[in-house]
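> After the C-alpha cells below, expect a handful of questions from me.
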Amino acid sequence: MALREPKLEPGNWKVAERGDTSVIALSGTWVARLMGVDGGAAQRVLGKKPHTITFESQTLGHWDSALIVFLSDLRDAAAATGVTFDQTGLPPDARRLLTLVSRTPAKARPKPTAPFVERVGIRTLSGCAELSKTNALIGQIVLRGGVAVTGQAATRASDVFCCMYDAGPAALAIVSVVNLLVGGILAFIAATELRKFGAELYVASLVGIGMVREMAALMTAIIMAGRTGGAYAANIAAMQGNEEIDALHSFGIPLFDYLIFPRILALTGMMPVLYAFGCAVGILGGLVVATVTLGMTTTSFLIETQHSLSGSQFTLGFMKSISFGILIAIVSCRVGLRAGRSASDVGKAATSAVVASIVGVIALDAIFDLCANVLDI
Amino acid sequence: MTDNFGKPRLCVDALTVGFGETIVQQDVSFKVAVGSIFAIMGASGSGKSTLLKAMIGLLRPAAGNIHIGEEDYWGASEERRGQIDRGFGVLFQSGALWSSMTVVENVALPLRMLSNLDDASIDSLSRIKLSLVGLGASGDAMPAELSGGMVKRAGLARALALDPAILFLDEPSSGLDPITGKRLDDLILELRDGFGMTVVLVSHELPSLFGICDDGIFLDADTKTAIAHGAPRALRDGCKHPTVYAFMHRENLASDPILPKETQ
Chain A
23 MALREPKLEP GNWKVAERGD TSVIALSGTW VARLMGVDGG AAQRVLGKKP HTITFESQTL
83 GHWDSALIVF LSDLRDAAAA TGVTFDQTGL PPDARRLLTL VSRTPAKARP KPTAPFVERV
143 GIRTLSGCAE LSKTNALIGQ IVLRGGVAVT GQAATRASDV FCCMYDAGPA ALAIVSVVNL
203 LVGGILAFIA ATELRKFGAE LYVASLVGIG MVREMAALMT AIIMAGRTGG AYAANIAAMQ
263 GNEEIDALHS FGIPLFDYLI FPRILALTGM MPVLYAFGCA VGILGGLVVA TVTLGMTTTS
323 FLIETQHSLS GSQFTLGFMK SISFGILIAI VSCRVGLRAG RSASDVGKAA TSAVVASIVG
383 VIALDAIFDL CANVLDI
Chain B
12 MTDNFGKPRL CVDALTVGFG ETIVQQDVSF KVAVGSIFAI MGASGSGKST LLKAMIGLLR
72 PAAGNIHIGE EDYWGASEER RGQIDRGFGV LFQSGALWSS MTVVENVALP LRMLSNLDDA
132 SIDSLSRIKL SLVGLGASGD AMPAELSGGM VKRAGLARAL ALDPAILFLD EPSSGLDPIT
192 GKRLDDLILE LRDGFGMTVV LVSHELPSLF GICDDGIFLD ADTKTAIAHG APRALRDGCK
252 HPTVYAFMHR ENLASDPILP KETQ
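Shown next, in the form of C-alpha cells:
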C-alpha cells in the first residue's frame, strides 16, 4: 500500500506440524502487484491432511490483498475437506476482511448453453421481430410522412435545416473528391480498352453513362452511409444511453416527428442534389483524363457526352439517389433506436448502420438495374 | 495497518483550481491524515469534484500544490506522476465502468496493464476484490446488467484493484436508496479498517458524511474557497457559519431568494 515500492523481505509462509495441527507462519511483505498469487498453496498445506490449520503472524510485515487471496483460498479448501480453519493467529484487520469475503461466496454464473436448434430458433424469432419492427417503422413513416407533408407534424424547422446542412453542404467536399476520382478512373479504364479499336471518342460516353446511371448515385450513397448514416445511428444510440429517448416518450413527443422525419427529409432532399453534383464532377474527372491522356478536345468530349446521355438515364439516377437516401436514413435511425445503453453499444450501432446501409444500397442498386434492363432504359 | 494514523498522507496547500479564466475554488489548504476518511463537502456546484480532479491528476491546478506523502505531486515529472497514480484508487460518481468488458475484466484491467502477474493471479486478485464488495457472483456480468448500487460497488472493487494507499471516492452513495447507501458506507469503513487505506470522499450526502468521516473541509460556491474545516459531525454541532449550518441541518438559507418574504 506504500506509494513507493516496498523494499522489505518478500511475503512468505512456512508450515510446521504440531500433532494433527498445521501451523502456518506468515512473514515478510505481501504485495499482490509484485508477488502474485500462489495457486497451489492450499493443496500443499492440506496435502498433509491436518485436523486444524492455525497461524502465526508475529513476523508478518506490510500486506495487502495478496494475503487475503491466500487465506481465502486456504479457508475455502479447508472447508471443502472438513479441516478446521482457526484464524485467531491472524492480524485483526485480515480477519475483518476475511469475514467480508465470506459473506459473499464467489459463485461462478452458469453459462447458458442452449442446444443448437434452440439457438437457431431464438435467432430466427429475433430476426422476425426485428423485421416486424422495421416494417412498423416504415408504416409509421408512410402514415406520419403524410401528416408531415401537410405541415401538421411537430417537427422543428431548425432540426430539419441542421440535418440538411450536415447531409448537404457539409458533405460536398468529400462527395466531390470521390466522384472526381471515380470519373477519372472510368476514363482510364475506357481509354485503355477503346484505344485498341480506335474508339477513344466513346470514352466520353462511357464516363457520362457510367456516372449518370450508376456511379454518382452509388458512390454518393456509400459516402453518405459511412458519413451521415453512421452519425445518425451513433447520435440516436447515445441518446438512448442518456435516457433522452425515454424523456421524449415520457412527454408523448412522437419519435418520428422529432428524430426520424428530419433525418429522412434531409437525406432524401440532399441526396439528389449531391447526385447531380457528383455527376458533374465525375464527368469533369473523365474530361481531364481524356484530354490529358487521349488528346481529346473539351468540345468533342462534351458533345459526345451530351449525345450519349438521355433524360431517362438521369431519371434513373435521380430515383436511385432518392431511394438510397430514404434507405440510409431508415436503416440508420432503426439501428440507433434498437441500440443498447452502453458506450460500446454506440460504436456497435454506428458500425451496424454503415454495414447494413451499404449492403442495402448495393442490393437496391442491383434491383434498379434489373428493372431498368427489363424496361430497356 | 494504521500505525501511522495521524500523519498527513496528502497535503493540499493554497490550491486554486478552475477552467481557463474561471476560478472554481481558490486558496484551499488541508491535510489528510494516514488512515483517515476525509470529506470534501459543499453544495452542488461548489467545486468539490473539480478539486478532486486536481488531486487525482486530471486537472492541473492554477496555483498552489499538492503533496502525496513527501512528494510534490504536480511538481513531479509526468512519468513520476504516473507512478504515484498507481497508489491511487478512484471511484467515479457514475461508476465509469468500461462497458465493453465484464465486471471482473474491469477489475483485472489495471493489474493486466500495470503488473507482470500471470493470468491466474490476476483472476484470483480481481475476484477477491469483487468478493470484498459483495459482487463475487456477478464477475461475469456486463456493467449494463448491474443495478445502481452494484455499479458503485463494482467501481469500488476496480478502485481497489492495485491495493491503493489512497482511495478517492466521488459521491459514492449519491443516487442510492438509504439502505444501499448505508451498506456502501459500512463497506468503505470496513475496507478502510481492513486495508488501512486513506480515503478522500467527495459528498453532499449528510448520512454518509456524519456516519463515516473523521475530518473534512467545506467548500463554498459564493466565496469560492473553504469556509470550514473539521469532522462533519463537529461542524454540524458547532459551526455557526450560516451556509455550513444550513447545509448540515438541511435548512434554507435566510438569504435564499426563492423563499417567500415572510419566511425570510
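Protein chains in written order, with the working numbering: chain A, 23 to 399; chain B, 12 to 275.
Ideal placement from N, C-alpha and C gives every residue a C-beta, glycine not left out.
As the structure is a computational prediction, the values presented were derived from the model and not from experiment.
According to DSSP, is B/LYS140 helix, strand or coil?
Looking at B/LYS140 - three-state DSSP - the assignment turns out to be helix.
> Could you please give the first and the last residue of the uninterrupted alpha helix (DSSP H) stretch that includes A/CYS355?
Start and end: 333-359.
> CB of B/LEU128 to nearest heavy atom of the ligand SAH: below 7 angstroms?
The model on display carries no ligand, and the ligand SAH is accordingly not part of it.
> Can you find a CB in chain A that lies within less than 8 angstroms of the CB of B/PRO183?
It does not: the Cβ of B/PRO183 has no partner Cβ on chain A nearer than 8 angstroms.
> Would you identify the three-state DSSP class for A/GLN80, choosing helix, strand or coil?
Three-state DSSP puts A/GLN80 in a strand.
> Please check if any C-beta of chain E sits within less than 8 angstroms of the C-beta of B/ILE190.
You won't find chain E in this structure, because its protein chains are A and B.
> So, using beta-carbon positions, are A/LEU306 and A/LEU202 closer together than 8 angstroms?
Cβ atoms of A/LEU306 and A/LEU202: closer than 8 angstroms.
> Just to confirm, are B/ALA25 and B/GLY75 a CB contact at a threshold of 8 angstroms?
Contact: yes.
> A/ARG40 bridges to which residues according to DSSP?
Answer by DSSP bridge pairing, in chain order: A/THR43.
> Can you confirm whether A/VAL59, when its beta carbon is compared against all beta carbons of chain B, has any partner nearer than 8 angstroms?
Closer than 8 angstroms: yes.
> Is the stretch 118-131 of chain B in contact with the stretch 78-89 of chain B, if contact means three or more CB pairs nearer than 8 angstroms?
The stretch 118-131 of chain B vs the stretch 78-89 of chain B: no contact.
> Could you tell me which of A/SER44, A/ARG97, A/TRP52 sits nearest to A/THR74, measuring between CA atoms?
Closest option to A/THR74, Cα to Cα, is A/SER44.
> Would the beta-carbon of A/GLU31 fall within 8 angstroms of that of A/GLY50?
Yes, Cβ-Cβ distance for A/GLU31 and A/GLY50 is below 8 angstroms.
> So, are the CB atoms of B/ARG244 and B/PHE221 less than 8 angstroms apart?
Yes, they are a contact pair.
> If we cut at 8 angstroms on Cβ distances, does B/LYS140 have a partner in chain A?
Interface residue, yes.
> Report the residues of the stretch 110-122 of chain B with a CB closer than 8 angstroms to any CB of chain A, ordered along the chain.
If the cut-off is 8 angstroms between Cβ atoms, the stretch 110-122 of chain B has SER110, SER111, LEU122 near chain A.
> If we count Cβ pairs, one from each stretch, closer than 8 angstroms, do we get three or more for the stretch 324-331 of chain A versus the stretch 211-226 of chain A?
Yes: the two stretches touch, three or more of their Cβ pairs being nearer than 8 angstroms.
> Could one say the Cβ of B/LEU128 lies closer than 8 angstroms to chain A's Cβ atoms, at least one of them?
Taking Cβ atoms only, chain A reaches closer than 8 angstroms to B/LEU128, which makes this a yes.
> Less than 7 angstroms between C-beta atoms, sequence neighbours within five positions excluded: which residues of the same chain meet that for A/LEU68?
Excluding residues within five positions, the ones whose Cβ falls inside 7 angstroms are ALA99, ALA100, THR103, VAL105.
> Taking C-beta pairs closer than 8 angstroms, name the residues in chain A that B/GLY53 reaches, listed in chain order.
Those do not exist, as B/GLY53 stays about 26 angstroms from chain A at its closest Cβ, beyond 8 angstroms.
> Is DSSP giving B/LEU157 helix, strand or coil here?
In the structure shown, B/LEU157 sits in coil (DSSP, three-state: anything other than H, G, I, E or B).
> Can you tell me the Cα-Cα spacing of A/ALA151 and B/LEU173, whole angstroms?
Approximately 45 angstroms between the Cα atoms of the pair.
> Can you give me the Cβ contacts of B/ARG71 inside the same chain, cut-off strictly under 8 angstroms, excluding the 5 residues immediately before and after it?
Same-chain partners within the cutoff: ALA65, TRP85.
> Please report whether the beta-carbon of B/LEU201 lies at a distance below 8 angstroms from any beta-carbon of chain A.
Per the sequence shown, the amino acid found at residue 201 of chain B is Glu instead of Leu. Interface residue, yes.
> Pick from A/GLU236, A/LEU208, A/ALA256: whose alpha carbon is nearest that of A/LEU392?
Selected option, being the one with the closest Cα: A/GLU236.
> Are any of the Cβ atoms in chain A nearer than 8 angstroms to that of B/ALA65?
It does not: the Cβ of B/ALA65 has no partner Cβ on chain A nearer than 8 angstroms.
> Checking 8 angstroms against the spacing of the C-beta atoms, do A/PRO284 and A/ASP188 come in under that value?
Contact: no.
> Taking all protein chains shown into account, do 16 or more other C-beta atoms lie within 10 angstroms of the C-beta of B/PHE16, making it buried, or fewer, making it exposed?
With a pLDDT of 49 at B/PHE16, under the threshold of 50, the predicted position of this residue should be treated as unreliable, though the coordinate-derived value follows. It counts as exposed.
> Kindly identify the DSSP beta-bridge partner or partners of A/ASP115.
DSSP lists no partner for A/ASP115.
> Extract the residue ranges of the beta strand (DSSP E) inside the stretch 47-101 of chain A, only unbroken runs of 3 or more that lie entirely within it.
Correct list: 74-85.
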